[in-house]
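Enquirer: For reference, the structure I am asking about is given below.
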Amino acid sequence: MHDPNHWPLQGHNHMTCGLLGSPVAMDTEKTCMPCDAGQGDMPPPCHEIKGGEERRGEGNRVTPSESLELGHQTAVNSPEPPEDRGNIEEVMKGSGSDTPALDIEGLCVVMESGPLPEEAEDPGSCWTMCAYDSQTVSRGQFLQLVLSFLGRASSGATVDSLAEHIKAGYREKESERLLQLQQCNQQKEEARRSKEVSSLFFSWDSEGRGAVDREEVERELSLYKDGAEEGALQRAWQHGEPPLSSCSVLSLGQFQALLRAFLVELPPEEGSGVWAFQELLVYLQERATLRGGKDRGRAATRRAWLQEIRRAAQRGAAQMEPVYGSVFSAVLRDAEVNAEGKLLSVSVALLEEEGSRLRYVACTTEDARLVLNKMLQPHQAPVSFSAIESCRPVHVPRVGVHGGVYLFDESRASSQCYGSFIAIPILDPREQGRAIGVLGLDTLRDLNDTHLFSRHEIDFYQGVSSEFSRALQRVVTRCSILHIVESASLWIHSRVSAIHSITTYLMEPSDGQGSDYSLRKMMVMEGGSSRSHWLSPPPSLRRSDHFSREYLFQCCDTSQVGHYVVFGAYRLVLPVRDSAGWALGVVDMELETLSSGHQGGLQPHERRDLSAAGKALQAACVQLHRESTEPSRQHTLLEAKGLGGERRASILFLCFMLKHLRVRCVSGLDQSIVAALQSSQDAPHHFHISQVVKAVLLLLYPEREGSVHTDDWDQMKMMVSTDLGYRLARFEPLATAVRVDSELVHSCIAGVERRELGQHGSLPLEDLYDWVSICLSICSY
Numbered sequence: 001m002h003d004p005n006h007w008p009l010q011g012h013n014h015m016t017c018g019l020l021g022s023p024v025a026m027d028t029e030k031t032c033m034p035c036d037a038g039q040g041d042m043p044p045p046c047h048e049i050k051g052g053e054e055r056r057g058e059g060n061r062v063t064p065s066e067s068l069e070l071g072h073q074t075a076v077n078s079p080e081p082p083e084d085r086g087n088i089e090e091v092m093k094g095s096g097s098d099t100p101a102l103d104i105e106g107l108c109v110v111m112e113s114g115p116l117p118e119e120a121e122d123p124g125s126c127w128t129m130c131a132y133d134s135q136t137v138s139r140g141q142f143l144q145l146v147l148s149f150l151g152r153a154s155s156g157a158t159v160d161s162l163a164e165h166i167k168a169g170y171r172e173k174e175s176e177r178l179l180q181l182q183q184c185n186q187q188k189e190e191a192r193r194s195k196e197v198s199s200l201f202f203s204w205d206s207e208g209r210g211a212v213d214r215e216e217v218e219r220e221l222s223l224y225k226d227g228a229e230e231g232a233l234q235r236a237w238q239h240g241e242p243p244l245s246s247c248s249v250l251s252l253g254q255f256q257a258l259l260r261a262f263l264v265e266l267p268p269e270e271g272s273g274v275w276a277f278q279e280l281l282v283y284l285q286e287r288a289t290l291r292g293g294k295d296r297g298r299a300a301t302r303r304a305w306l307q308e309i310r311r312a313a314q315r316g317a318a319q320m321e322p323v324y325g326s327v328f329s330a331v332l333r334d335a336e337v338n339a340e341g342k343l344l345s346v347s348v349a350l351l352e353e354e355g356s357r358l359r360y361v362a363c364t365t366e367d368a369r370l371v372l373n374k375m376l377q378p379h380q381a382p383v384s385f386s387a388i389e390s391c392r393p394v395h396v397p398r399v400g401v402h403g404g405v406y407l408f409d410e411s412r413a414s415s416q417c418y419g420s421f422i423a424i425p426i427l428d429p430r431e432q433g434r435a436i437g438v439l440g441l442d443t444l445r446d447l448n449d450t451h452l453f454s455r456h457e458i459d460f461y462q463g464v465s466s467e468f469s470r471a472l473q474r475v476v477t478r479c480s481i482l483h484i485v486e487s488a489s490l491w492i493h494s495r496v497s498a499i500h501s502i503t504t505y506l507m508e509p510s511d512g513q514g515s516d517y518s519l520r521k522m523m524v525m526e527g528g529s530s531r532s533h534w535l536s537p538p539p540s541l542r543r544s545d546h547f548s549r550e551y552l553f554q555c556c557d558t559s560q561v562g563h564y565v566v567f568g569a570y571r572l573v574l575p576v577r578d579s580a581g582w583a584l585g586v587v588d589m590e591l592e593t594l595s596s597g598h599q600g601g602l603q604p605h606e607r608r609d610l611s612a613a614g615k616a617l618q619a620a621c622v623q624l625h626r627e628s629t630e631p632s633r634q635h636t637l638l639e640a641k642g643l644g645g646e647r648r649a650s651i652l653f654l655c656f657m658l659k660h661l662r663v664r665c666v667s668g669l670d671q672s673i674v675a676a677l678q679s680s681q682d683a684p685h686h687f688h689i690s691q692v693v694k695a696v697l698l699l700l701y702p703e704r705e706g707s708v709h710t711d712d713w714d715q716m717k718m719m720v721s722t723d724l725g726y727r728l729a730r731f732e733p734l735a736t737a738v739r740v741d742s743e744l745v746h747s748c749i750a751g752v753e754r755r756e757l758g759q760h761g762s763l764p765l766e767d768l769y770d771w772v773s774i775c776l777s778i779c780s781y
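If you number the sequence shown the way full-length UniProt numbering does, the last residue is 781 and the count never jumps.
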């Protein structure tokens, strides 16, 4: 059949067109997908509501011992809304406890003041996953916050005091609660409808194509209620951008959008309410049953094979080899069962260099010597490039008489080729009308008369191509997220000396039938190293097998920052979230401890740096995830030189750090730097200021290199006191017009220790140093 050793390209030079723009190194594509789970909601409050008055908490106390059981009771589909996050935060901040409060707005990675708390009680091993929301907390998230707030060593009196304080201080208006309740009910109804429509779509898509013909859908809907709603159907086709009427086939998302638009366009007395949706659904399900009954068994088998491709991307240790293997397995098994035993050759080719050539990244074993790693130009493979340009399959029934199919075996004359060839475009799942490669299939090695491809086979191959495209997107996206984390880890190590190591885990669905998941240990960065160590193969951690790593799973469950003590070592864990707030993985930081067993503590400047890096890391991951799921404009700093793929992912974190510093470069920055110099009596500190400012001026005014303005401090002060803050905010290191002498600028700050600047307490000077460092790092790309 096929040999997995031939997938993908040999060695570590496998490059493929990334969905984010430029080629991506597939040998480092480490990814996983989060397991599917609903968002947990809070239980009903135990106090009364009267009119529009504010209500005070009167519920039962939550103690650490009780929380062990409550952690198992989070209801996924509870209609009750979650509690207000900001309200709880304010109550906890004013509790009067000696334990510092958590800053839970955004990604805060340190305590407000004082050392980290002692290890929190284990809130239970079976949590329901919930997404992060800056406004509300679910039950699991609330328990995690309270337990981290209290710590293991809290006395019963402290627990009782906090419980009474929260009950007395928590307030929520009736209107706010009703609004949240309405939103929860709407989300629940939308999820139910989406599931039912998906089931209907798969009933229509009997060959696993991943799309249904627009003409068939239009014909069936036009007969709804004996054609009485023809006008509503025509208006529904005009919805969307571009309009749905411009599509010859409908994907699952477009099919859902059409039904939603059709219900909207129905008369108010007919299109509103649950009954209208159910009536339409029952009608379409009956029509689907009539038209596809004879192929139902074949469709179920093919859908199972397509699901194996999806699972390979989710559970394949963030590598493309399992995806290629599942693609070839699905095609070859289908040929054996549903295509009279055709002898197929299969290949995957992806576009490179802005679509100017195809590179064959994977193929079946028999063709590996001839096909693998080959690159073709448009004039060499006109059939494949025609499929890419039209985004439609191109079928060549007789290769020998066509002349437009490239033959990798040069010893075979074209007149001796009696087989067929078909090029299936691999479409970008997030951008309509754009292909990123070709799935090629031929029967040139088949000596039988069964070499022609039938319609149902072509439909299934389109489904394989569509599923492979989504699998490739998952792998590329998660790999890019890992590069973002690596860039952030390097920055954190250079700024926070108390961190010994940073380990990154990504989530994968479990192999069993349950809803639990496993964690893949993808990479580790030790203190002092310049790059992360990517583990190959990455080991898998299961919740039941690694009790000492339960804190990692708690972080993923609640999608919140956590502080723990594990075997005497302090751990700070950050969730890596997608654009909806769900955890994709976790970053585990081991902090320095003293011999006495207490935390060595973070300096104030280290806390600021850690907090800023955590927020930039999360912002970069959210931006990347949005771009991978929907068409969106890339960051302006990255468009200047067309960076993409792995390089773009590595630089994205730095761009958000630069954006954060721009906000802080206000007009008062100029006077602050001059005042800091004039008031400084420390000669080394005086030297540090002059060197940092000189580096800033060399970046902003490269044409003045070697002039008096960057050698004489009195002249530099005059330049600082003009419009430095404005120029800093508008400087783009990747702009085409920017010319930077990186070596000269780096020599200015080479003798300046970042930690010494923090110890002097000069925030503007720290910001300037960081600004120079980030600009130099970005320019290096």
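Cβ atoms here follow ideal geometry from the backbone N, Cα and C, with glycine treated the same way.
#1: If we call anything under 7 Å between Cβ atoms a contact, is V745 one with L698?
#2: With a threshold of 6 Å on Cβ separation, who are the neighbours of P702 within its own chain once the five nearest residues in sequence on each side are excluded?
#3: Spatial neighbours of V371 within its chain, please: C-beta separation below 6 Å, excluding the five flanking residues on both sides.
#4: What beta strand (DSSP E) runs, 3 residues minimum, are completely inside the stretch 394-460?
#5: Once DSSP output is grouped into helix, strand and coil, what is the label at L252?
#6: Which residue spans inside the stretch 154-204 form an unbroken alpha helix (DSSP H) run of at least 4?
#7: From M305 to R369, what distance separates their C-alpha atoms?
#8: Do R495 and D609 have their CB atoms nearer than 7 Å?
#9: Using the Cβ count rule (16 or more neighbours within 10 Å means buried), how would you classify R730?
#10: Within 8 Å, do at least three Cβ pairs link the stretch 415-433 to the stretch 320-339?
#11: Would the stretch 602-618 and the stretch 482-500 be scored as touching if the rule is three or more Cβ pairs under 8 Å?
#12: Three Cβ pairs or more, each shorter than 8 Å: is that satisfied between the stretch 317-325 and the stretch 231-239?
#13: Does the beta-carbon of R455 have 16 or more other beta-carbons within 10 angstroms, so that it is buried, or is it exposed?
#14: Assuming P382 and I424 make a contact with CB atoms under 8 Å, what is their CB distance in whole Å?
#15: Between which residues of its own chain and P242 is the CB-CB distance below 8 Å, once the five residues before and five after are set aside?
#16: Which first and last residues belong to the alpha helix (DSSP H) in which T558 is found?
#17: Counting only the same chain and skipping the five closest in sequence on each side, list residues whose C-beta sits under 8 Å from that of V524.
#18: Report yes if the C-beta distance between C556 and A583 is below 7 Å; otherwise report no.
#19: Look at the alpha carbon of R478 and the alpha carbon of R315, and state the distance between them as a whole number of angstroms.
#20: Going by C-alpha to C-alpha distance, which of D446, L281, E410, G463 sits closest to Y418?
#21: Against chain B, does Q432 count as a neighbour if the rule is that its beta carbon must be under 7 Å from one of theirs?
#22: In the DSSP assignment, what are the bridge partners of C479?
#23: Could you tell me which residues DSSP puts in a beta bridge with R577?
#24: Using only CA atoms, which one of C391, S548, M375 lies nearest to S466?
#25: For the beta strand (DSSP E) that P509 lies in, which residues bound it at each end?
#26: What would DSSP say about M129, mapped onto helix, strand or coil?
#27: In three-state DSSP terms, what is R543?
#28: S480 and A649 - do their beta-carbons sit closer together than 7 Å?
#29: Between the Cα of Y726 and the Cα atoms of R664, I388, W204, which residue gives the shortest distance?
#30: Leaving aside the five residues before and after S326 along the sequence, list all residues of the same chain whose C-beta is less than 6 Å from its C-beta, in chain order.
#31: Using alpha carbons as the reference points, say which of F687, D367, F460, E389 lies closest to A339.
#32: Leaving out five residues on either side along the sequence, give the residues of the same chain with a beta carbon under 6 Å from the beta carbon of S780.
#33: Secondary structure at T736, three-state DSSP: helix, strand or coil?
#34: Using CA coordinates, which residue listed in S222, M719, A317, V274 is at the minimum distance from K188?
#35: Using the Cβ count rule (16 or more neighbours within 10 Å means buried), how would you classify V561?
#36: With a threshold of 6 Å on Cβ separation, who are the neighbours of G440 within its own chain once the five nearest residues in sequence on each side are excluded?
Expert: Let me spell this out:
#1: The answer is yes: Cβ separation under 7 Å.
#2: Result list for P702: R739, in chain order.
#3: In its chain, beyond the 5 residues on either side, S347, Y360, C363, F408 have a beta carbon closer than 6 Å to the beta carbon of V371.
#4: Within the stretch 394-460, the runs of beta strand (DSSP E) at least 3 residues long that lie entirely inside it are, in chain order, 394-396, 421-427, 435-442.
#5: Residue state for L252 is assigned as helix, using DSSP reduced to three classes.
#6: Within the stretch 154-204, the complete alpha helix (DSSP H) runs of at least 4 residues are 156-169, 174-204.
#7: According to the sequence displayed, residue 305 carries Trp and not Met. CA-CA distance, W305 to R369, rounds to 27 Å.
#8: Contact: yes.
#9: Exposed.
#10: The stretch 320-339, when compared against the stretch 415-433, does not touch it at the 8 Å Cβ threshold.
#11: Three or more Cβ pairs closer than 8 Å define a contact, and the stretch 602-618 meets that threshold against the stretch 482-500.
#12: By the Cβ criterion, the stretch 317-325 is not in contact with the stretch 231-239, since fewer than three pairs of Cβ atoms, one from each stretch, lie closer than 8 Å.
#13: The Cβ neighbour count for R455, taken over all protein chains shown within 10 Å, is under 16; the residue is labelled exposed.
#14: That belief does not hold up - the Cβ atoms of P382 and I424 are roughly 16 Å apart, past 8 Å.
#15: Excluding residues within five positions, the ones whose Cβ falls inside 8 Å are Q432.
#16: Note, T558: alpha helix (DSSP H), 550-558.
#17: Excluding sequence neighbours, V524 sits near S501, I502, T503, T504, S532, H533, L535.
#18: The Cβ atoms of C556 and A583 lie closer than 7 Å to each other.
#19: C-alpha of R478 to C-alpha of R315: approximately 12 Å in a straight line.
#20: The residue with the shortest Cα to Cα distance from Y418 is D446.
#21: Protein chain content of the structure displayed is limited to a single chain, and chain B is not contained in it.
#22: Within the DSSP bridge table, the entry for C479 names no partner.
#23: According to DSSP, R577 bridges with A583.
#24: Residue C391 is the option with its Cα nearest to S466.
#25: 499-509 is the span of the beta strand (DSSP E), which, as asked, contains P509.
#26: Correct three-state label for M129: coil.
#27: R543 falls in the coil class under three-state DSSP.
#28: With respect to the 7 Å criterion, A649 and S480 are classified as neighbours on the basis of their beta carbons.
#29: Closest by alpha carbon: R664.
#30: Listed in chain order, the non-local C-beta contacts of S326 below 6 Å within the same chain comprise E308, I309, A312, local neighbours out to five positions each way being set aside.
#31: Measuring from the Cα of A339, the nearest candidate turns out to be F460.
#32: For S780, there are no CB contacts under 6 Å within the same chain when 5 residues up- and downstream are skipped.
#33: DSSP, reduced to helix, strand and coil, places T736 outside both helices and strands of the structure shown, so it counts as coil.
#34: Residue V274 is the option with its Cα nearest to K188.
#35: V561 should be labelled buried.
#36: If we look at G440 and ignore the five residues flanking it on each side, its Cβ neighbours are S347, A423.
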